[in-house]
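To convert, note that position 82 of the sequence shown is 82 in the UniProt record's numbering; the numbers rise steadily by one, no gaps. Please read the structure below before turning to the comments.
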Amino acid sequence: MAAARTYDRSCGSVQLLLGYLPTERSLWPYELEKKRSQYSAYKDEFLLNPSEKLRRIEESKLSRKKELTGERNGLLPRSEVTNEEHPLSFGKSSLWNQYFQESEILEQIDRDVKRTHPDKSFFSAKSNQESLRRILIIFSRLYPSVRYVQGLNEVLAPLFYVLKNDLDTSNSTSAEADTFFCFVELISGFKNNYCKHLDNSRVGIRSILSKLSQLLKKHDEELWRHMEVITKVGHIY
């Protein structure tokens, strides 16, 4: 029992430290329900393919039209396909155009998810791989300035592992949603490192690595010289 309590406490600690849960414990049920519901909405918004999205939009339009006209029976009216809804449209707001532009990112996510600790049965499980995949896809679409870059799967993996193994079944079954928001909180602390357009800025990754190199040189010059010799790109170790 002591081990179980310790483990459950560690799951809660992760959520507290990352700011996912408020410090007031009485608010936890409300916050968890709200966030999990929000994640469900994100899945509907960001994971449906264009055909399904357009079908739901059309159904909603027809339903509203029926309510306005009082139509209840008979053939459905023929719907017109706009340019933005056509699969070959190049319009910026076209769902199909956005879908095809993101195909490279989706393929990269698929590859990286499969490479995530393949020697561990937990991460080799299809259901867990699908959870990681969904989280990364939603993140890339919700935060286009960061999108997805290689390595984010490795940041995500330990969070999901801890929360998915919560001994409280009600929490473990909602681990995907909880992990998503914990992941967002974690990445927000250093998201500038992942924004390519900030690479050469004061807050970008090159500036951070330069400061790291200076610190290493100051505290261990011998190691710094060794790293400079064995790396081809200066202070990128």
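Yeah, the Cβ is synthetic: ideal placement off N, Cα and C, and Gly gets one too.
Exercise. With respect to the alpha helix (DSSP H) encompassing Gln129, which residues constitute its N-terminal and C-terminal limits?
Worked result: The residue given as residue 129 occupies position 129 in the sequence shown. From DSSP, the alpha helix (DSSP H) with Gln129 extends over 126-142.
For this session: Can you tell me which of Asp166, Val229, Leu156 puts its alpha carbon nearest to the alpha carbon of Phe183?
Result: Translated into the one-based positions of the sequence shown, residue 183 becomes position 183. Minimum Cα distance to Phe183 is reached at Leu156.
Exercise. How would you call Asp220, buried or exposed, if buried means at least 16 neighbouring beta carbons within 10 angstroms?
Worked result: Residue 220 sits at position 220 when you count from the first residue of the sequence shown. Counting Cβ neighbours within 10 Å, Asp220 comes out exposed, since fewer than 16 surround it.
Exercise. Phe139: buried (16+ other C-beta within 10 angstroms of its C-beta) or exposed?
Worked result: Walking along the sequence shown from the start, residue 139 turns up at place 139. So Phe139 counts as buried.
For this session: Give me the Cα-Cα distance between Trp96 and Gln108, rounded to the nearest whole angstrom.
Result: Translated into the one-based positions of the sequence shown, residue 96 becomes position 96. Translated into the one-based positions of the sequence shown, residue 108 becomes position 108. Its pLDDT being 46, under 50, Trp96 is placed unreliably in this model, and the coordinates cannot settle the point.
Exercise. What span of residues does the alpha helix (DSSP H) with Pro158 cover, start to end?
Worked result: Here the question's residue 158 lines up with position 158 in the sequence shown. 152-164 is the span of the alpha helix (DSSP H), which, as asked, contains Pro158.
Problem set entry | Spatial neighbours of Trp224 in its chain, beta-carbon cut-off 6 Å, leaving aside the 5 residues before and after | Counted from its first residue, the sequence shown places residue 224 at position 224. Hits under 6 Å: Leu216, Lys217.
Problem set entry | CA nearest to the CA of Ser145, picked from Gly12, Ser213, Ser37, Phe190 | Taking the sequence shown and counting its residues from 1, one reaches residue 145 at position 145. Closest by alpha carbon: Phe190.
Exercise. When we look at the beta-carbon of Phe122 and count the other beta-carbons within 10 Å, is it buried (16 or more) or exposed?
Worked result: As a first step, residue 122 is located in the sequence shown; it is residue number 122 there, counting from the start. Looking at its Cβ environment, which holds fewer than 16 other Cβ atoms inside 10 Å, Phe122 is exposed.
Exercise. What is the DSSP secondary structure of Leu223, reduced to helix, strand or coil?
Worked result: Taking the first residue of the sequence shown as 1, we reach residue 223 at position 223. Looking at Leu223 - three-state DSSP - the assignment turns out to be helix.
Exercise. Where do the N-terminal and C-terminal ends of the alpha helix (DSSP H) with Glu185 fall, by residue?
Worked result: For the purposes of this step, residue 185 is taken as residue 185 along the sequence shown, with counting starting at 1. Its alpha helix (DSSP H) spans residues 175-188.
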